[in-house]
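Enquirer: Here it is, the structure, as structure tokens.
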Amino acid sequence: MASPATGAPFTSISEPEDDSGAHEARPSREVVPGVRVIEFADTKKVVKLWGQERWLHEEEPDGPYGFKFIRIKAGHRTSLQYHEHKRESYFILEGEAVMHYRATRDGENLRLPMPAGTLAHVDPGAVHRVEGVTDIVLVEVSTYDDGSDNVRLEDDYGRGDGRIADEHDEHDEHDEHGGHGGHDAHDAHGGR
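Residue numbering for the sequence shown follows the UniProt record's numbering, beginning at 1 and increasing consecutively.
Right, dumping it as structure tokens:
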């Protein structure tokens, strides 16, 4: 079956992707006023040490929501963190995950198994992290996310709070991360 956006065959989103080739989103195509279409392969790809994200939402300052397709490698996990404003929901599409959480910011670390088909809602201020027991694929839908509303309590990669510039910002052609004029979105510090 061909894509209505490009006429090319659909690409499976469940096939494994390598961790190279991060890039900024390519423009969507307006098919009628108010309706834009973009192929999955043309969405912004951010490579992480723990896996990768595809940003499925259109990036616009103070946009209405975030929508991400996230892969986390087995044995890897996101930061133990909370958000001041961001509210997010995770749906585990494939694999087995564990949600780490705390009742308070300095409370005991608790764990909740999340097999495929599990949905979790995380409110602002709730301490959480997601770990891949196996390779996992999850969908995250949230209030708008520019990466700046991350307060990290623990991080396997030693990163501080907030937005990781290497993850989200355009790089010039000769940067230390192998950028190509704004088309790479490598996260040298692990992101999230």
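Ideal Cβ placement from N, Cα and C applies to all residues, glycine included.
All figures in this text were calculated on a predicted structure; none of them were measured in a lab.
Of all the options Ser28, Arg87, Ala25 and Asn150, which has the alpha carbon lying nearest to the alpha carbon of Ser142?
Expert: Closest option to Ser142, Cα to Cα, is Arg87.
Enquirer: Where DSSP assigns a beta bridge to Gly117, which residues make up the other side?
Expert: Paired residues: none, contrary to the question.
Enquirer: Would you check if there are 3 or more beta carbon pairs closer than 8 Å linking the segment 120 to 135 to the segment 78 to 87?
Expert: Touching, per the Cβ criterion.
Enquirer: Give the straight-line distance between the Cα atoms of Gly147 and Val46, rounded to the nearest whole angstrom.
Expert: Cα to Cα, the separation comes out at about 12 Å.
Enquirer: Using alpha carbons as the reference points, say which of Lys73, Arg152 and Pro113 lies closest to Ile136.
Expert: Per the Cα distances, Lys73.
Enquirer: Between which residues of its own chain and Asn109 is the CB-CB distance below 7 Å, once the five residues before and five after are set aside?
Expert: Cβ neighbours of Asn109 beyond the five flanking positions: His100 and Arg102.
Enquirer: With DSSP as the reference, label Ala41 as helix, strand or coil.
Expert: DSSP places Ala41 in helix when its eight states are reduced to three.
Enquirer: Buried or exposed for Val122, going by 16 or more other Cβ atoms inside 10 Å?
Expert: The residue in question, Val122, is buried, as its Cβ has 16 or more Cβ neighbours within 10 Å.
Enquirer: DSSP beta-bridge partners for Val98?
Expert: Answer is Pro113 and Glu131, bridged to Val98.
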